[in-house]
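Just so you know, the working numbering puts 210 at position 201 of the sequence shown, and the rest follows in order with no gaps.
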Amino acid sequence: MTGAAATNERYLAIDVLRGATVALMIVVNMALGEALSFGQMLHSNWDGFTLTDAVFPTFLFVTGASLAFTAERYARGGPGGYFRRIANRSLRIFLCGVFVSNFPFLSIVRGEVAWHSIDTLRIMGVLQRIALTYFLASTLLYFVRWRGALLGAVVLLAIGGGIALGFGDHSLTGSAAARIDTALFGARHLYQLEGAPFDPEGLLGTLPATANVLAGYLAVAFLRHRSAHGGLTGHDLTTMATTGAALVLLALALNPVDPINKKLWTTSYTMLTIGIDVLVLAVLVQVVDRWQATRGTGYFATFGKNALAVYIVADLTMALAWTLPVGHVALFRWVYDHGFAWIGGKWASFAMAIAFAQLCWLFAWLLERKRIYFKL
10 MTGAAATNER
20 YLAIDVLRGA
30 TVALMIVVNM
40 ALGEALSFGQ
50 MLHSNWDGFT
60 LTDAVFPTFL
70 FVTGASLAFT
80 AERYARGGPG
90 GYFRRIANRS
100 LRIFLCGVFV
110 SNFPFLSIVR
120 GEVAWHSIDT
130 LRIMGVLQRI
140 ALTYFLASTL
150 LYFVRWRGAL
160 LGAVVLLAIG
170 GGIALGFGDH
180 SLTGSAAARI
190 DTALFGARHL
200 YQLEGAPFDP
210 EGLLGTLPAT
220 ANVLAGYLAV
230 AFLRHRSAHG
240 GLTGHDLTTM
250 ATTGAALVLL
260 ALALNPVDPI
270 NKKLWTTSYT
280 MLTIGIDVLV
290 LAVLVQVVDR
300 WQATRGTGYF
310 ATFGKNALAV
320 YIVADLTMAL
330 AWTLPVGHVA
340 LFRWVYDHGF
350 AWIGGKWASF
360 AMAIAFAQLC
370 WLFAWLLERK
380 RIYFKL
């Protein structure tokens, strides 16, 4: 393992980006469908891009950003200690993901409890993809310098894109992603998307998604390297921002031949999200760390200090709220009808999402105040 920097400088911008991402993940997960939610609060139906489509890859990006600080430290324990740590962490996150993806393991219909069969246990999911991309990126970073990480990201994009083009089409059921997951896991163990077995967090998309993690590592490795060699300058951040903008433009140029698609995690989608994240991080570092404009950043930093724990608790809470009945409707819908529907229109569901995010922030604040930090 060879890091690109020799400085221990931390960047508040990374904590702010991580916290803002978690907050947005919670808000968009509260969406009540097209009729009651703003379009930007929903994923694209297939091709296309919304604000919601930017959230998950940004979380992967900040996962890679954290690796720029931790991977080199882990490597000091030798290969045995390094791989034991990343394997254990990856396994914990993956198993936690399986639990979250299937919670609460039952349905309640007309007062009758029906336990879900293990035959329909969903294997993949958001946390599972985080675990796999973290493991793949961490493994690569043990053996290579930053140039190798850059090459690795390109190779992963090429492999993922090549398999997608060579073994399937661009449709929901005919894509290589759907075929691979169905063959390996079985249709009953996949997420049901529009009535068809298709997992948006399946195996094939994990390859290009790992490039998002590596991009986060590379971005922060660059920041640390420049900080350690003469100090970070405005020119350095302009270089970062220009790189991000160039990736966005390249993704848009590729879109006609390789459509931007979050569910398939296409090459153009990967480039677009990496470009946006690099650009946003450059701006945040300039504003928050160089200009010291930190007012209000503590709110997002609080979210970021227990990012996975807050996300998991939010997900479990929402799953329960959609399962537990109040009369003839789910608790989630009952809260909306009696607490927020009076606002009217799509602002009602947005207000409910913001209110729930505030409750999650309060949970994060209590953990921070008690100095409790969950590390999966």
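Glycine residues also receive a C-beta, built at the ideal position from the N, C-alpha and C atoms.
As the structure is a prediction and not an experimental result, all values here were calculated from the model.
- For P334, the secondary structure class from DSSP, reduced to helix, strand or coil, is strand.
- Per DSSP, the beta-bridge partners of I117 are V122.
- Here T219 is near T142, since their CB atoms are less than 7 Å apart.
- A22 and L223 have their C-alpha atoms some 18 Å from each other.
- Exclusion of the five residues before and after I269 leaves D56, G57, F58, A260, T275, S277, Y278 and L281 as the residues of its chain whose Cβ lies within less than 7 Å of its Cβ.
- As a beta-bridge residue in DSSP terms, P206 pairs with Q201.
- Residues of the same chain with a CB within less than 7 Å of the CB of L227, apart from the 5 flanking positions on each side, are W155, A158 and L159 in chain order.
- Sorting L136, G239, A173 and W124 by C-alpha distance to the C-alpha of F108 places L136 at the top.
- DSSP places Q367 inside the alpha helix (DSSP H), whose first and last residues are G354 to R378.
- In this structure the segment 285-297 lies against the segment 245-255, because at least three pairs of beta carbons, one per stretch, are closer than 8 Å.
- For Y320, the closest of F65, A357 and L263 by C-alpha to C-alpha distance is F65.
- Residue state for A339 is assigned as strand, using DSSP reduced to three classes.
- No Cβ-Cβ contact shorter than 7 Å links L232 with N315.
- Listed in chain order, the non-local C-beta contacts of H125 below 8 Å within the same chain comprise N111, F114, L115 and S116, local neighbours out to five positions each way being set aside.
- In this structure M327 does not touch F312 by the C-beta definition: roughly 16 Å separates them, more than the 8 Å allowed.
- Put simply, of F78, A123 and R138 the residue whose alpha carbon is nearest the alpha carbon of L104 is R138.
- CA-to-CA, the gap between G336 and R94 works out to about 48 Å.
- Annotation: F372 to P265 spans about 44 Å, alpha carbon to alpha carbon.
- DSSP places N270 in the strand class (E or B) of the three-state scheme.
- Within its own chain, the residues whose Cβ lies closer than 8 Å to the Cβ of A310, once the five positions on either side in sequence are excluded, are L21, D24, V25 and G28, listed in chain order.
- Annotation for G313: the continuous alpha helix (DSSP H) segment containing it runs T306 to K314.
- In terms of Cβ geometry, A364 and I352 do not form a close pair [threshold 7 Å].
- Rounded to whole angstroms, the gap between the alpha carbons of V229 and A77 is 6 Å.
- With respect to the C-alpha of C369, the residue from T242, W331 and D324 having the closest C-alpha is D324.
- Rounded to the nearest angstrom, the Cβ distance from F144 to A96 is 7 Å, consistent with a contact under 8 Å.
- Taking 4 residues as the shortest admissible run, the segment 148-224 contains the following complete alpha helix (DSSP H) segments, listed from N- to C-terminal end: 155-175 and 185-194.
- Contact annotation: L216 and G169 have beta-carbon atoms nearer than 7 Å.
- Between Y345 and A357, the alpha-carbon positions lie close to 8 Å from each other.
- Contact between the segment 128-135 and the segment 183-200 is established, with three or more Cβ pairs separated by less than 8 Å.
- Note on E43: under 16 other CB atoms within 10 angstroms of its CB, so exposed under the neighbour-count rule.
- Counting other Cβ atoms within 10 Å of its Cβ, H238 stays below 16 and is therefore classed as exposed.
- Contact between T67 and L51 is ruled out by a C-beta separation of about 17 Å, above the 8 Å threshold.
- Annotation: F207 to L181 spans about 7 Å, alpha carbon to alpha carbon.
- Pairing A74 with G225 gives a Cβ-Cβ distance under 7 Å.
- Under a 10 Å Cβ-count criterion, N221 is classified as buried, with 16 or more other Cβ atoms of the shown protein chains found around its own Cβ.
- With a contact defined as Cβ atoms closer than 8 Å, G183 and A140 miss out at about 28 Å.
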